[in-house]
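Novice:
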Amino acid sequence: MIKLKVNGRERSFDGDPEMPLLWYLRDELAMTGTKFGCGAGLCGACTVHRNGEAIRSCSTKMKDVAGKAITTIEGLSPNGDHPLQKAWAQANVPQCGYCQTGQIMQAAALLKKNKKPSDKDIEDGMAGNICRCGTYQRIRAAIKTAAKEMA
Amino acid sequence: MSIQKIDNVTRRNFIGGVFSASALVIAADLLPQAAWADTAEYHGKAASAALKPSLYLGLEPDGTVYIVTHRSEMGTGIRTTLPLIAADEMEADWSKVKIEQAIGDATYGDQNTDGSKSIRGFFVPFRQAGAAARLMLTQAAAAQWKVPVSECSAMNHEVTHQPSGKKLGYGALAVAAGKLPAPKPEDLKLKSRSEWRYIGHNAKDPKSIADLKDITSGKAIFGMDAKVPNMVYASVERPPVMGGKVQSFDDKAALQVKGVSQTVSIPPFQAPYTFQPLGGVAVVANSTWAAFQGRKQLKVEWNNGEHASHDSERYKAELLDTAKKPGKVVRNVGDVDAAFAKGGKIVEASYYVPLLAHATMEPPVAIAEFKNGKVEAWVPTQNPQAVQDTVAKALGIKVEDVTCHVTLLGGGFGRKSKPDYVAEAALISKSVGKPVKVVWTREDDIKFDYYHAVAGMYHKASMDDKGKVTGWLHRSVFPSISSMNDEKALYGFNVEYGMGLNDMPFDIPNHRAENGPAKAHVRIGWLRSVANIYHVFSGLSFADELAHAAGRDSLEYQLELLGSGKILDLKPQLNGQEYWNYGEKIEQYPFDTRRLRKVLEIAGEKSGWGKRKPGNGWGMGVAFARSFTSYVASVVEVEVDKAGKIRIPKTYMVVDAGTVVNPERAVSQFEGAAAFGASIALTGEISLADGRVRQSNFHDYPVARINQAPIQTDVHIVESEELPGGIGEPGVPPFVPAFANAVFAATGKRVRELPFSKAKLV
Ligand code: FES
Ligand code: FES
């Protein structure tokens with residue numbers, strides 16, 4: 003039995019400990035804000051926080067989240083109004099939108115560590131997240147806007 | 003495109019049951035859309051139906067306006083942009099508009115969200131639908147007040163009697179207006195441009211995309227996120243070689259995996275491949291993960307068939323070789339051979355673009371439930387009517403017995419117009435008796451795509467002593483999309499020719515375009531901007547080569563090649579072929595090279611073209627294209643470091659797309675096109691060995707990341723009152739050669755083969 007916290011709520015899981023967290027979130031908890039993009043740690047669509055750090059849930063086994071606190075996009079803010087989510091809205095960032103929850107979760111972890119990221123910090127911090135629609139320049143801008151608001 | 007008839011169908015039963023019985027509903031019937039591709043299976047379907055209401059707009063007594071979008075949202079913003087048109091004409095309050103996604107149904111008209119044609123096709127019908135609603139509401143108010151209609155005007159969700167100042171809200175008028183006869187199209191008074199409140203450049207505040215909040219909070223439902231009760235999951239092992247068949251399989255170990263319930267055989271396609279599934283063996287389980295795990299345990303013996311020896315390197319050599327030989331003439335002006343015989347300077351070059359995969363962020367996925375001889379499906383699809391047809395055919399049921407709900411699409415780019423993945427889900431569901439969700443892995447997506455065609459091109463030109471081009475020969479060889487419907491197809495067709503091969507707009511006295519034969523060994527499909535990708539890459543790279551050969555500035559030279567500007571008359575030059583013109587009438591959408599000159603000139607100004615001397619790892623490149631009836635010039639600025647690493651600090655896109663309904667979303671599409679073009683140019687390559695695709699995921703099929711895509715793309719949209727043109731695709735074609743030309747300017751290395759990652763730049 004694996005115990006973990008998801009968005010503040012205690013959960014227990016007694017399935018395959020090798021199963022990636024992604025499928026637990028999506029198929030079992032029906033939290034589909036965390037996306038399946040590559041299943042191999044290559045695209046960032048599945049990004050969530052484990053004890054505050056950004057991880058790729060597609061490549062993180064259930065046994066590796068035992069006793070940990072997981073935050074998904076559904077738990078990032080109560081009303082979808084985290085400064086990043088607001089900045090995303092202001093810049094009308096999404097195109098198809100599929101990558102965006104992963105982008106936001108990655109950016110949230112970045113801003114937690116680095117309150118005033120430079121262009122280079124943003125590039126380095128976000129390089130693991132693919133946006134096939136190419137919304138990158140708005141992502142940069144939105145991260146800067148949110149950083150300002152959070153400062 | 004116009005409404006033939008506006009039908010007040012208040013009491014009619016509505017598809018999807020969106021409206022209450024008392025709602026005022028406008029149905030606009032329109033002429034059939036041109037089919038995307040002449041040879042596509044779905045051609046003529048819209049044309050054969052007698053009446054095709056393409057859109058529905060409804061108003062409820064509570065004042066809520068429902069606008070049904072029948073086109074698919076894959077990132078262009080169409081779910082926002084189409085409703086804006088109708089809402090503007092209706093004088094609706096945007097905050098009272100609710101957007102409903104249509105299911106697949108031919109009565110909506112063309113739903114194939116492809117070819118950058120949603121606005122081209124439906125701008126007028128949506129305006130007319132809105133205007134009809136406004137007129138009926140005004141008439142209803144006038145009747146109630148017993149005053150002349152001419153004394154009443156509608157604005158922002160209410161009708162005002164001007165002399166008395168009396169007002170009635172739209173909601174209060176809905177029922178009475180719904181009883182009035184529908185106006186004739188000719189009685190409609192469309193708003194003048196200056197009266198537009200939501201459409202175009204004078205829209206006060208750009209509207210957020212309809213699904214914004216849902217997307218950023220994780221609530222948006224993409225196909226991957228849809229769920230229905232009792233659903234099971236499936237993952238399919240498909241033949242590694244196109245056209246291969248299962249010889250035998252052993253599912254013992256697969257069935258041992260916890261959660262796996264059964265396996266299901268999917269029959270191979272009957273050639274030609276069309277939109278049929280590839281066939282194979284599906285593993286069915288109670289979760290996605292269990293299905294994936296079970297599939298890994300499958301042992302399948304394949305009968306690989308005729309394409310098992312296909313090899314990309316050999317094929318490439320064949321294509322380039324074929325391109326050196328005379329092919330089928332698809333356009334002829336003057337006498338190229340005579341021009342070449344006269345001598346002068348001769349320049350020639352071969353270009354190559356490999357197969358490309360769509361790699362939509364959301365891999366293909368579909369839910370289907372077969373029950374009582376009918377199928378209900380929930381799909382991220384660009385083409386719900388093709389879903390109906392394909393599923394119906396695969397299961398031997400009637401088209402009207404297939405219901406296709408359209409979810410949000412995590413990207414489309416043409417992949418999700420081909421519903422092979424939905425037929426898989428339906429076939430498996432029939433077998434297991436439950437709703438089935440088929441989830442493609444990224445590996446499946448990369449290995450079993452309908453690939454953008456690989457192409458070999460050859461260009462040869464002669465120039466006089468002043469550097470003026472006297473003759474230009476362009477040959478193009480590629481496996482055609484028509485192989486989808488004819489496995490023996492060797493040549494392209496007018497859709498592919500009309501994307502940069504038979505419509506090169508240079509004003510040259512002697513010009514010939516030819517198409518050589520090539521057989522398809524993988525499924526070929528269309529990818530964002532289609533044949534333009536290879537034709538415009540080679541054509542505009544070659545133009546740059548000519549500029550350098552002539553010792554001239556490339557932008558100036560490209561302008562000179564265009565001549566002083568005119569409306570092209572291609573028809574007499576195409577050997578009896580019809581010029582495709584992106585499915586539009588040439589009188590409505592003429593090919594006007596003055597518009598190309600203009601975007602090029604503006605791009606020069608905006609980018610500060612020519613101000614900085616290129617070289618030493620810095621350079622700018624320029625190119626242009628008219629595609630999907632829009633005119634675009636791109637300037638790309640690059641830096642190439644000592645290790646050969648390319649960075650794109652800045653890109654300029656200048657766009658004349660005629661009337662632009664939603665400039666903010668248009669800008670985002672051109673930003674995205676630059677990133678898409680960067681992926682194609684930098685790293686895009688699918689290759690095969692022994693008939694099998696080598697690549698499998700983003701490590702070996704990389705797409706541009708935040709540090710590889712242009713850091714900043716400035717989009718300038720030319721204000722224009724011309725008819726609306728395409729937006730989603732036209733940014734891609736000019737970007738790629740502009741990028742290649744920039745790399746040349748920076749490094750002196752001419753990259754004639756994509757992707758750049760294979761070229762030695764330092
Ligand atoms: S799905 Fe996890 S990194 Fe791509
Ligand atoms: S918005 Fe479509 S993948 Fe990022």
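As you go down the protein sequences, you meet chains A and B in turn. With the numbering used here applied, the first sequence has no gaps in its numbers, which climb one by one up to 153 at the end. With the numbering used here applied, the second sequence has no gaps in its numbers, which climb one by one up to 764 at the end. Beta carbons are placed, not taken as given, at the ideal position from N, Cα and C, and that holds for glycine.
1) Residues in its own chain within less than 7 Å of Val-99(B) by CB, not counting five upstream and five downstream?
2) Give the residues whose C-beta lies closer than 7 Å to at least one heavy atom of ligand 3, in chain order.
3) With respect to 6 Å, is the separation between the Cβ of Arg-134(A) and the closest non-hydrogen atom of ligand 2 below this value?
4) Please classify Ile-483(B) as buried or exposed, where buried requires at least 16 neighbouring CB atoms within 10 angstroms.
5) Name the residues in the segment 44 to 69 of chain A whose C-beta lies less than 7 Å from a C-beta of chain B; which are they?
6) Out of curiosity, what's the CA-to-CA distance linking Ser-263(B) and Asn-288(B)?
7) Could you check where the alpha helix (DSSP H) with Pro-386(B) kicks off and where it finishes?
8) Quick one: Cα of Gln-258(B) to Cα of Ile-132(A), how far?
9) Relative to chain A, which residues along the segment 222 to 233 of chain B have a C-beta separation below 8 Å, given in chain order?
10) Taking 7 Å as the CB-CB cut-off, is Gly-99(A) touching chain B?
11) For Ala-677(B), which residues in the same chain have their Cβ closer than 6 Å to its Cβ, ignoring the five residues on either side in sequence?
12) Find out if the Cβ-Cβ distance for the pair Cys-98(A), Met-157(B) is shorter than 7 Å.
13) In whole angstroms, give me the CA-to-CA distance for Tyr-44(B) and Ala-32(A).
14) Hey, Val-471(B) and Ile-510(B): beta-carbon distance below 7 Å or not?
15) Taking C-beta pairs closer than 7 Å, name the residues in chain A that Phe-678(B) reaches, listed in chain order.
16) What residue ranges within the segment 337 to 419 of chain B form continuous beta strand (DSSP E) runs of no fewer than 3 residues, ordered along the chain?
17) Return the chain-ordered list of same chain residues with a C-beta closer than 7 Å to the C-beta of Ala-51(B), the five sequence neighbours on each side being excluded.
18) For Val-99(B), which of helix, strand or coil comes out of DSSP?
19) Applying the 10 Å Cβ sphere with the 16-neighbour rule, what's the burial state of His-159(B)?
20) Just to confirm before moving on: does the CB-CB distance between Pro-651(B) and Ala-747(B) stay below 7 Å?
21) Could you confirm whether any beta carbon from chain A is found closer than 7 Å to the beta carbon of Val-705(B)?
22) How close, in whole Å, do the beta carbons of Ala-675(B) and Pro-757(B) come, if the pair is a contact with beta carbons under 8 Å?
23) Name the residues in the segment 7 to 20 of chain A whose C-beta lies less than 7 Å from a C-beta of chain B; which are they?
24) Per DSSP, what are the beta-bridge partners of Pro-715(B) in this structure?
25) What did DSSP end up calling Ala-744(B) once you bin it into helix, strand or coil?
26) Using a Cβ-Cβ cutoff of less than 7 Å, which residues in the same chain neighbour Val-355(B) once the five nearest sequence positions on both sides are dropped?
27) Alpha helix (DSSP H) containing Thr-218(B): first to last residue?
28) 7 Å is my cut-off, CB to CB: does His-701(B) come that close to chain A?
29) For Cys-45(A), name the three-state secondary structure that DSSP assigns.
30) Is there contact here, the segment 234 to 246 of chain B with the segment 389 to 406 of chain B, by at least three beta-carbon pairs under 8 Å?
31) What's the C-alpha gap between Ala-29(B) and Leu-59(B)?
32) How is Thr-71(B) classed by DSSP in three states: helix, strand or coil?
33) Closer than 8 Å is the cut-off here; do at least three beta carbon pairs connect the segment 9 to 18 of chain A with the segment 39 to 53 of chain A?
34) DSSP three-state call for Ile-57(A): helix, strand or coil?
35) At the level of alpha carbons, what is the spacing between Ser-250(B) and Glu-687(B)?
36) If you run the structure through DSSP and keep just helix, strand and coil, what is Gly-35(A)?
Specialist: Looking at the coordinates:
1) Residue 99(B) sits at position 97 when you count from the first residue of the second sequence. If we look at Val-99(B) and ignore the five residues flanking it on each side, its Cβ neighbours are Val-67, Ile-69, Pro-85, Ala-89.
2) Within the structure as shown, ligand 3 is missing, the only ligands being ligand 1 and ligand 2.
3) Residue numbering aside, residue 134(A) sits at position 132 when the first sequence is read from its first letter. It does: the Cβ of Arg-134(A) is within 6 Å (strictly closer) of some heavy atom of ligand 2.
4) For this step, residue 483(B) is matched to residue 481 along the second sequence. It is buried - the Cβ of Ile-483(B) has at least 16 other Cβ atoms within 10 Å.
5) Leu-44, Cys-45, Ala-47
6) Stepping through the second sequence from its first residue, residue 263(B) is reached at position 261. Stepping through the second sequence from its first residue, residue 288(B) is reached at position 286. Whole-angstrom Cα-Cα distance: 8 Å.
7) Counted from its first residue, the second sequence places residue 386(B) at position 384. Residues 386 to 397.
8) Looking up residue 258(B) in the second sequence gives position 256. Looking up residue 132(A) in the first sequence gives position 130. Their Cα atoms are separated by approximately 36 Å.
9) Ala-222, Ile-223, Phe-224, Met-226, Asp-227, Lys-229
10) Along the first sequence, read from residue 1 onward, the residue named residue 99(A) stands at position 97. So yes, Gly-99(A) belongs to the interface.
11) Here the question's residue 677(B) lines up with position 675 in the second sequence. If we look at Ala-677(B) and ignore the five residues flanking it on each side, its Cβ neighbours are Ala-706, Ala-711.
12) For the purposes of this step, residue 98(A) is taken as residue 96 along the first sequence, with counting starting at 1. For the purposes of this step, residue 157(B) is taken as residue 155 along the second sequence, with counting starting at 1. Not a contact, by the Cβ cut-off of 7 Å.
13) On the second sequence, residue 44(B) is found 42 positions in, with the first residue counted as 1. On the first sequence, residue 32(A) is found 30 positions in, with the first residue counted as 1. Note on Tyr-44(B): pLDDT 29, under 50, position unreliable in the model; the coordinate value appears next. Taking the straight line from one Cα to the other gives about 37 Å.
14) The residue labelled residue 471(B) in the question sits at position 469 within the second sequence. The residue labelled residue 510(B) in the question sits at position 508 within the second sequence. For Val-471(B) and Ile-510(B), yes; Cβs fall inside 7 Å.
15) For the purposes of this step, residue 678(B) is taken as the residue at position 676 of the second sequence. Near Phe-678(B) (Cβ distances below 7 Å), the residues of chain A are Gly-136.
16) 347 to 355, 367 to 373, 376 to 381, 404 to 408
17) Position 49 of the second sequence holds residue 51(B). Residue confidence for Ala-51(B) is low, a pLDDT of 21 falling below 50, so the modelled location carries little weight and cannot support an answer.
18) Working through the second sequence from its first residue, we reach residue 99(B) at position 97. Residue state, collapsed to three classes: strand.
19) By one-based count along the second sequence, residue 159(B) stands at place 157. Buried, since its Cβ has 16 or more Cβ neighbours within 10 Å.
20) Taking the first residue of the second sequence as 1, we reach residue 651(B) at position 649. Taking the first residue of the second sequence as 1, we reach residue 747(B) at position 745. It is not a contact, given that the beta carbons lie outside the stated cut-off.
21) Counted from its first residue, the second sequence places residue 705(B) at position 703. With 7 Å as the cut-off, Val-705(B) counts as an interface residue toward chain A.
22) Position 673 of the second sequence, counted from the start, is the residue given in the question as residue 675(B). Position 755 of the second sequence, counted from the start, is the residue given in the question as residue 757(B). 17 Å between Cβ atoms; not a contact.
23) Asp-18
24) Residue numbering aside, residue 715(B) sits at position 713 when the second sequence is read from its first letter. The sequence as given places Thr at residue 715(B); Pro does not occur at that position. Note: Thr-715(B) sits in a beta bridge opposite Thr-653(B).
25) Stepping through the second sequence from its first residue, residue 744(B) is reached at position 742. Here Ala-744(B) sits in helix by DSSP.
26) In the second sequence, the residue the question calls residue 355(B) occupies position 353. Result list for Val-355(B): Val-456, Ala-457, Ile-535, Tyr-536, Phe-539, Leu-756, in chain order.
27) Within the second sequence, numbered from 1, the residue matching residue 218(B) stands at position 216. Note, Thr-218(B): alpha helix (DSSP H), 214 to 219.
28) On the second sequence, residue 701(B) is found 699 positions in, with the first residue counted as 1. Yes, because at least one Cβ of chain A sits closer than 7 Å to the Cβ of His-701(B).
29) Taking the first sequence and counting its residues from 1, one reaches residue 45(A) at position 43. Cys-45(A) falls in the coil class under three-state DSSP.
30) no
31) Counted from its first residue, the second sequence places residue 29(B) at position 27. Counted from its first residue, the second sequence places residue 59(B) at position 57. Residue confidence is low: Ala-29(B) scores 49 on pLDDT, short of 50, so the model does not pin down where it sits. No coordinate-derived value is stated.
32) As a working mapping, residue 71(B) is identified with position 69 in the second sequence. In this structure, Thr-71(B) counts as strand in the three-state DSSP scheme.
33) no
34) Here residue 57(A) refers to the residue found at position 55 when the first sequence is read from its first residue. It is a strand residue.
35) What you label residue 250(B) is simply residue 248 of the second sequence in a count that begins at 1. What you label residue 687(B) is simply residue 685 of the second sequence in a count that begins at 1. In a straight line, the C-alpha of Ser-250(B) is about 32 Å away from that of Glu-687(B).
36) Within the first sequence, the letter at position 33 stands for residue 35(A). DSSP places Gly-35(A) in coil when its eight states are reduced to three.
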